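Residue 140 in UniProt numbering sits at position 140 of the sequence shown; the count goes up by one each step and never skips.
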Amino acid sequence: MKKYVFLGLGLFSSTFFSLPTIAAPYGFYVEAEGVEGQSLKDMLGTIAARGQKPLSYSQVWQALKDTNEDPNNSDNVILYYSGRSQAKSYTASGSNDQNAWNREHIWPKSFGFKRKNQWGYTDLHHLQPTDVKINAIRSNKDFDYGGSPISKSPLNKTDWDSFEPRDEVKGDTARSIFYMAVRYDGNSGNMPDLYLVNDTSSSSGSYKMGKICTLLEWHNADPVDNWERQRHEKVVKWQGNRNPFIDNPKWVNDIYGDDC
């Protein structure tokens, strides 16, 4: 699978450097073997919580500079929605420069964790560097197909109640959302129980996120690639816990397949 990097006004396609397959430590998921349905969801939630060390929100800046580092330029990060390579130093910290980058919560923090002492607020498994303007356009919309292309980054689309990211990060987005729904399903971290719905009716103050069946399609259409595996391992080094749906993508369908 290819990732796309925007440089200036041109669009260049580049396959990121090849990496060996990275796997979880031997026996890490042994308790999930042979488990199905809600019991599997519960077990993966327990396993996904193991070893997690919550970060401060200021630490997230440094972490994202590492997890999303451009493999072709160590001074830059790859921005999530646009795919643009941008200087690590060009952040929106302390300003609202629309061309800078900031910290995007894939599961909006307004949907269940508005306080910085809630672990989901700084959980790197769903935090990404994004263009300030595109982050603002996405806002806290659910994920679904459709809408009009965003002028600054036309591979992304939006309408009044949903946001559709570019194809190259659709699966990454889905696995981040599925992780959040399983990790924070009554598994501490000063968090409410997050859950998924099959519509785009989420609103500020609710704990839900959609759209399950669209996210399931994206997960299957855009499988885990080397960039996502590499990023995952960096996240593990920063905060200690794993996303089971990157380690074993089949579990997404095992848990959510019957919902669609």
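Cβ coordinates follow ideal geometry from the N, Cα and C atoms, glycine included. Source: prediction; values computed, not measured.
Check	Outcome
Cα-Cα separation between tyrosine 195 and phenylalanine 113, rounded to whole angstroms	13 Å
Serine 82 to asparagine 220 span [Cα, whole Å]	22 Å
Close-in-space but distant-in-sequence residues of the same chain around threonine 214 (CB under 7 Å, 5 per side omitted)	Phe143, Asp144, Tyr145
Three CB pairs or more closer than 8 Å across the region 236-253 and the region 184-192	no
Given tryptophan 61 as reference, the closest of Ala92, Ile47, Met43 once Cα atoms are compared	Ala92
Buried versus exposed call for serine 153 [16 or more other C-beta atoms within 10 Å across all chains shown]	buried
Start-to-end residues for the beta strand (DSSP E) that takes in asparagine 187	No beta strand (DSSP E) contains asparagine 187, which DSSP labels as neither H nor E.
Extent of the continuous alpha helix (DSSP H) to which glycine 171 belongs	170-183
Environment of aspartate 222 [buried if 16+ CB atoms lie within 10 Å]	buried
Option nearest asparagine 198 by Cα separation, candidates Tyr256, Val236, Ser151	Tyr256
Three-pair Cβ contact test at 8 Å for the region 124-144 versus the region 62-70	yes
Local conformation of threonine 200 per DSSP, three classes	coil
Rounded C-alpha distance that separates arginine 50 from leucine 79	29 Å
Assigned secondary structure, tryptophan 107 (DSSP; H/G/I helix, E/B strand, else coil)	coil
Assumed close pair serine 148, aspartate 159 - CB separation to whole angstroms, cut-off 8 Å	7 Å
Interface flag, threonine 200 vs chain C, CB-CB below 9 Å	No chain C appears in the structure shown, which is made up of a single protein chain.
Nearest residue (CA-CA) to isoleucine 246, options Tyr179, Thr200, Gln52, Pro192	Tyr179
Terminal residues of the beta strand (DSSP E) in which glutamine 86 lies	85-87
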